[in-house]
Amino acid sequence: MDQVTQGNAASAEQMAASSQQISARSEALDGLVLELAAVVDGGREGRPPQVGQGHAPARHEPPRERRALVHDKGSADDWEHKRLTR
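What follows is the structure, given as structure tokens:
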């Protein structure tokens, strides 16, 4: 029983340490994201990003002509042969 308790305590200690590491890495990642956002926004710190700025307008293309699917009428027994030879 003592071994189980000690094992649980060790696991809890490892989980707490891992949680602290993840938290620290998350904070570092947040800082990197802020730096990247500043670079992408051209150094406009403190201002919210402008939506839709710097992007080309969407092009509207006519729908493409659809071709009919061709169904192969082979037997159910030769499906594996077709699958392996394609």
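For the sequence shown, this note's numbering assigns the number 841 to the initial residue and increments by one for each residue that follows.
Here a beta-carbon is modelled for each residue, glycine too, at the ideal position from N, C-alpha and C.
Coarse secondary structure for residue i, derived from DSSP in three states
{"i": "Asp-881", "result": "coil"}
{"i": "Glu-867", "result": "helix"}
{"i": "Met-855", "result": "helix"}
{"i": "Glu-875", "result": "helix"}
Outcome for residue i when other beta-carbon atoms lying within 10 angstroms are tallied against a minimum of 16
{"i": "Arg-926", "result": "Here the model assigns Arg-926 a pLDDT of 49, short of 50, so the residue's position is not dependable, and the following value carries that caveat. It is exposed - the Cβ of Arg-926 has fewer than 16 other Cβ atoms within 10 Å."}
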